[in-house]
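Undergrad: The structure's right below; bear with me while I get my questions together.
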Amino acid sequence: MTASVETNGDFKENLGFRQKLGRFFNVLLLICTLVGLVVLTVLLVDVALEGGSWIRLQLFTNYHSRFPEKAGMKSGIVGSLILIGLTGLFSFPIGVGAAIYLEEYAPKNWLTNFINININNLSGVPSIVYGMLGLTVFGRMFGLFEPDSWLVKVFNIPVTTGMQGGWQFDLFGIPGLAIQLPFGRSLVAGAMTMTLLILPVVIIASREAIRAVPPSIREAAYGLGATRWQTVSTQVLPVAVPGILTGMILALSRAVGETAPLLIMGAFTYVPFLPESVWDQFTTMPIQIYNWITLPQEDYRIHLAAAGIIVLLAVLLSLNTIAVYLRNKFQVKW
Amino acid sequence: MQEVKRVSVREIIAERKSKKKLFGLFKLSRGKSVWENVIAVGLFACSVFTILVTLGIIITLFSETINFFSRPEVNLWDFLTGTNWRPLSSNPSPENFGVRPLIRGTLMIAFISGAVALPIGLGSAIYLSEYASEEVRKVLKPALEVLAGIPTVVYGYFAISFITPLLQRVLEDGLGIDVSFFNALSASVVVGVMIIPMVASISEDAMRAVPSSLREGAYALGATKFEVATKVVVPAALSGIIAAFILAISRAIGETMAVMIAAGATPRMTLNPLESVQTMTSFIVQVSFGDAPSGSINGQAIYAVGATLFVITFLMNIISDIVLRRFREVYE
């Protein structure tokens, strides 16, 4: 029982059809949303079926082997863990520092604006470009430590050639505090590259965490005569830390899954030893998985690779669980 | 006895002005401890570091690119227009260094993955923003975002272990169409799935930013939910949706591992997605993997290709930023 509406000739009420169309659209949209989830489920089931029975102790205790039954990814697991540890160590101070500056210190001027645009842009740069940057700046250091470079000639630096060539010296003469230039294919070079890669993510996440602290807290601190840094360090940061750490862990979990930049840097697919120092060569889980995928035998290509993926996804899942736990446990509601 | 230094007000103002000129970037202030200022400078340095990263990328890519083009074996014109990419050929010459096959491969994968991801992502965004109840949304949205967190090497594995065999079964066995083991379609499908969350979440943010008064106004005029979603909300959020599309395509262009694993490494000028192609990214990895010496022609070619890739994605990011800022419908 609808009241008749006076309309001009163009308008057809036709409510029945319009509502049918709406219902059809609703179903269509639901299907769209479910497509992603169905693919995700299929992917996980596929990986679990192919690799589930290949999850064995050898996977964690052995290095890559010519026999699929004996092959493991010990060096990859250890390499990945050290790599994200170092990456966290490098990216935390820079990322949080930049976030504090942009949220608490930065005046509104062209430079701040430029820094903001720049960070947004950096987050859109393909990861492979970071790999090339890392290779050139950290891995080779622009060839400055090759025997025929001007730097070596001018300062008469004792360089060696070969795989691990370059300039090795003990920092301040302290044995054990060795430095190797250029960084080559070492963990340090990989971690620094990863730092640049995740820096925009860390900064954006940290800024959000800092912004979530209400201004009244700051005003109260200023009102009591605190300086800017006192306000930030004693009032803002302690409250923002859980949020910052959550963002940090999520950024690191992105670094764990990255493969291309490290391949560019020349990370090895076959590393039958554990790194003894941060200057050693390394491999990571995704690189090991990639290596297995490219081998012709089905045992490697399909089964062992899937088993490796299960381990990788398990690590990612635990990192994400920690992040969610931190957020829920320590988040302050205002 | 403390010595009192007499200074005129004018001197103080002059000094402050000169300080402000020098350090207009922070509020360096007299009377505060040195520590305060050291920290301010340190924090400022952290954020300037991000500019250095960009500069580093530009210098790295373009200095080697210039070295590449100053070689007699290559020239810029043939690089941009040539249709043969044979960098490993025994006689390096301009006709073997045409980047178009790599760009064609890259764009083909980007377009097909866009064709997969844009409608599905937009559909998901409309559903999550307009149709789903708060409880449903709380479950679906994080689940969708898991897709974005899966490493790309895993997508590559999924492509060759599931999608490619599926394509072969359906197209080759069913319809008799040749499908090579490495093919662009399989790579495009997984890259498409990978960028769905990006399209969905940015578009959804844009739609949720549309004020509810617009929806209510449309309902009051007798519009159905479908009409409100498609004729009011989507047009109002269009700038955000287009920005999401551009960003997602840019992401697909820069994607490496999945494409490398699934699409192979055959640079060719083809429009057939069932053949193996090579993208810019997979060429870069292929050469680095082969450990080309830094001064060699291939060692420099990756920088030229990398610079091309960087310029394309950089322009797309800038355009999406402009679309988002300039064409945003501002309410209230």
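Residue numbers (the numbering used here), protein chains in the order written: chain A, 1 to 334; chain B, 335 to 666. All C-beta atoms in this analysis are idealised placements derived from N, C-alpha and C, irrespective of residue type, glycine included.
Tell me, to the nearest whole angstrom, how far the beta carbon of residue 235 (chain A) is from that of residue 221 (chain A); I am working on the premise that it is less than 8 Å.
TA: Against the first sequence, residue 235 (chain A) aligns to sequence position 235. Against the first sequence, residue 221 (chain A) aligns to sequence position 221. Rounded, the Cβ-Cβ distance is 5 Å, consistent with contact.
Undergrad: For the 8 Å Cβ check, are there 3 or more pairs between the segment 570–590 of chain B and the segment 402–417 of chain B?
TA: Result no; under three Cβ-Cβ pairs closer than 8 Å.
Undergrad: Can you tell me whether residue 355 (chain B) is helix, strand or coil according to DSSP?
TA: By 1-based counting over the second sequence, the position of residue 355 (chain B) is 21. With a pLDDT of 45 at residue 355 (chain B), under the threshold of 50, the predicted position of this residue should be treated as unreliable, though the coordinate-derived value follows. Helix at residue 355 (chain B).
Undergrad: Listing by chain order, which chain A residues have their CB less than 7 Å from the CB of residue 553 (chain B)?
TA: Residue 553 (chain B) sits at position 219 when you count from the first residue of the second sequence. Simply none; closest approach about 12 Å.
Undergrad: Ignore the nearest five residues each way along the sequence and tell me which others in residue 438 (chain B)'s own chain have a CB closer than 7 Å to its CB.
TA: The residue you call residue 438 (chain B) lines up with position 104 of the second sequence. Within the same chain, residue 438 (chain B) has close Cβ partners 603.
Undergrad: Once the 5 residues before and after residue 301 (chain A) are set aside, which same chain residues still bring their CB inside 7 Å of it?
TA: Counted from its first residue, the first sequence places residue 301 (chain A) at position 301. Result list for residue 301 (chain A): 292, 293 and 295, in chain order.
Undergrad: Starting from residue 287 (chain A), trace the alpha helix (DSSP H) in both directions and tell me its first and last residue.
TA: What you label residue 287 (chain A) is simply residue 287 of the first sequence in a count that begins at 1. Per DSSP, residue 287 (chain A) belongs to the alpha helix (DSSP H) from 285–294.
Undergrad: Whose C-alpha, out of B:376, B:384 and B:595, is nearest the C-alpha of residue 114 (chain A)?
TA: By 1-based counting over the first sequence, the position of residue 114 (chain A) is 114. It is B:384.
Undergrad: Of all the CB atoms in chain B, is at least one closer than 8 Å to the CB of residue 125 (chain A)?
TA: Translated into the one-based positions of the first sequence, residue 125 (chain A) becomes position 125. Yes, because at least one Cβ of chain B sits closer than 8 Å to the Cβ of residue 125 (chain A).
Undergrad: Please list the partners that residue 286 (chain A) has in chain B, where partner means a Cβ-to-Cβ separation under 7 Å.
TA: One-based indexing of the first sequence puts residue 286 (chain A) at position 286. Within 7 Å Cβ-Cβ: 485 and 487.
Undergrad: Output yes if chain B places a C-beta closer than 8 Å to the C-beta of residue 157 (chain A); else output no.
TA: Position 157 of the first sequence, counted from the start, is the residue given in the question as residue 157 (chain A). Not an interface residue.
Undergrad: Hey, is residue 46 (chain A)'s beta-carbon within less than 8 Å of any beta-carbon in chain D?
TA: Looking at the structure shown, chain D is missing, and the protein chains on hand are A and B.
Undergrad: Once you ignore the five residues that flank residue 106 (chain A) on each side, which residues in its own chain have a CB closer than 7 Å to its CB?
TA: Along the first sequence, read from residue 1 onward, the residue named residue 106 (chain A) stands at position 106. For residue 106 (chain A), where only same-chain residues beyond five positions count, the Cβ hits under 7 Å are 112.
Undergrad: Under three-state DSSP, which class holds residue 2 (chain A)?
TA: Counting from 1 along the first sequence, the entry for residue 2 (chain A) is found at position 2. For residue 2 (chain A), the predicted model reports a pLDDT of 47, less than 50, meaning its position is unreliable; a value from the coordinates is still stated below. Note: residue 2 (chain A) maps to coil in three-state DSSP.
Undergrad: Residues of chain A with CB under 7 Å from residue 530 (chain B), in chain order?
TA: For the purposes of this step, residue 530 (chain B) is identified with residue 196 of the second sequence, where counting begins at 1. Within chain A, the residues near residue 530 (chain B) are 36.
Undergrad: Using C-beta distances below 8 Å, list every residue in its chain close to residue 402 (chain B), excluding the 5 sequence neighbours before and after it, in chain order.
TA: Looking up residue 402 (chain B) in the second sequence gives position 68. Taken in chain order, the residues that qualify are 408, 631, 634, 635, 637 and 638.
Undergrad: Less than 8 Å between CB atoms is the rule here; does residue 325 (chain A) satisfy it with respect to chain B?
TA: Against the first sequence, residue 325 (chain A) aligns to sequence position 325. Chain B, which has no Cβ nearer than 8 Å to the Cβ of residue 325 (chain A), makes this no.
Undergrad: Which same chain residues, not among the five before or five after residue 232 (chain A), have their C-beta less than 7 Å away from its C-beta?
TA: In the first sequence, residue 232 (chain A) corresponds to position 232, counting from 1. If we look at residue 232 (chain A) and ignore the five residues flanking it on each side, its Cβ neighbours are 100 and 104.
Undergrad: If you reduce the DSSP assignment to three classes, tell me which class residue 516 (chain B) lands in.
TA: Locating residue 516 (chain B) in the second sequence gives position 182, counting from the first residue. Here residue 516 (chain B) sits in coil by DSSP.
Undergrad: Decide if residue 386 (chain B) is buried, meaning its Cβ has at least 16 other Cβ atoms within 10 Å, or exposed.
TA: Residue mapping note: residue 386 (chain B) aligns to position 52 of the second sequence, counting from 1. Under this definition residue 386 (chain B) is an exposed residue.
Undergrad: Can you check whether the C-beta of residue 536 (chain B) is within less than 8 Å of a C-beta belonging to chain A?
TA: One-based indexing of the second sequence puts residue 536 (chain B) at position 202. No, residue 536 (chain B) lies away from the interface with chain A (no Cβ there is under 8 Å from its Cβ).
Undergrad: Taking 7 Å as the limit between beta carbons, can you name the residues of its chain near residue 168 (chain A), skipping five residues before and five after?
TA: Within the first sequence, the letter at position 168 stands for residue 168 (chain A). For residue 168 (chain A), where only same-chain residues beyond five positions count, the Cβ hits under 7 Å are 178 and 180.
Undergrad: Which whole-angstrom value describes the C-beta separation of residue 272 (chain A) and residue 64 (chain A), a residue pair presumed to lie in contact below a C-beta threshold of 8 Å?
TA: Position 272 of the first sequence, counting from 1, holds the residue named residue 272 (chain A). Position 64 of the first sequence, counting from 1, holds the residue named residue 64 (chain A). 7 Å between Cβ atoms; contact.
Undergrad: Which residues does DSSP pair with residue 170 (chain A) in a beta bridge?
TA: Stepping through the first sequence from its first residue, residue 170 (chain A) is reached at position 170. Residue 170 (chain A) pairs with A:178.
Undergrad: If the cut is a Cβ gap below 7 Å, which residues of chain B does residue 136 (chain A) touch?
TA: Numbered from its first residue, the first sequence carries residue 136 (chain A) at position 136. Per Cβ cutoff of 7 Å: 394.
Undergrad: With 8 Å as the threshold, decide whether the Cβ of residue 63 (chain A) is near any Cβ in chain B.
TA: The residue you call residue 63 (chain A) lines up with position 63 of the first sequence. Chain B contact via Cβ: absent.
Undergrad: So is residue 673 (chain B) in contact with chain A if we call contact Cβ pairs under 8 Å?
TA: The question about residue 673 (chain B) has no answer here: the residues shown for chain B are numbered 335 through 666.
Undergrad: How far does the alpha helix (DSSP H) with residue 19 (chain A) in it extend, from its first residue to its last?
TA: Translated into the one-based positions of the first sequence, residue 19 (chain A) becomes position 19. Unbroken alpha helix (DSSP H) run through residue 19 (chain A): 15–51.
Undergrad: Where does residue 646 (chain B) fall in DSSP's three states?
TA: What you label residue 646 (chain B) is simply residue 312 of the second sequence in a count that begins at 1. Correct three-state label for residue 646 (chain B): helix.
Undergrad: Using a C-beta to C-beta distance shorter than 7 Å, which residues of chain A count as neighbours of residue 566 (chain B)?
TA: By one-based count along the second sequence, residue 566 (chain B) stands at place 232. Near residue 566 (chain B) there are no residues of chain A at all, since even the closest Cβ is about 14 Å away, more than 7 Å.
Undergrad: Chain B beta carbons: is any one of them nearer than 8 Å to that of residue 222 (chain A)?
TA: Looking up residue 222 (chain A) in the first sequence gives position 222. Residue 222 (chain A) does not count as touching chain B.
Undergrad: Could you spell out where the alpha helix (DSSP H) holding residue 88 (chain A) opens and where it closes?
TA: Here residue 88 (chain A) corresponds to residue number 88 of the first sequence, with the count starting at 1. First-last of the alpha helix (DSSP H) with residue 88 (chain A): 74–100.
Undergrad: Alpha helix (DSSP H) containing residue 481 (chain B): first to last residue?
TA: By one-based count along the second sequence, residue 481 (chain B) stands at place 147. 468–483 is the span of the alpha helix (DSSP H), which, as asked, contains residue 481 (chain B).
Undergrad: Measure the alpha-carbon distance for residue 145 (chain A) versus residue 157 (chain A) and round it to whole angstroms.
TA: Taking the first sequence and counting its residues from 1, one reaches residue 145 (chain A) at position 145. Taking the first sequence and counting its residues from 1, one reaches residue 157 (chain A) at position 157. Computed Cα separation, rounded: 8 Å.
Undergrad: Using beta-carbon positions only, say whether residue 461 (chain B) and residue 37 (chain A) come within less than 8 Å of one another.
TA: In the second sequence, counting from the first residue as 1, residue 461 (chain B) sits at position 127. In the first sequence, counting from the first residue as 1, residue 37 (chain A) sits at position 37. No, these two residues do not count as a Cβ contact at 8 Å.
Undergrad: Could you work out which residue in B:651, B:623, B:481 and B:413 is closest to residue 599 (chain B) when comparing CA atoms only?
TA: As a working mapping, residue 599 (chain B) is identified with position 265 in the second sequence. It is B:623 whose Cα lies nearest to the Cα of residue 599 (chain B).
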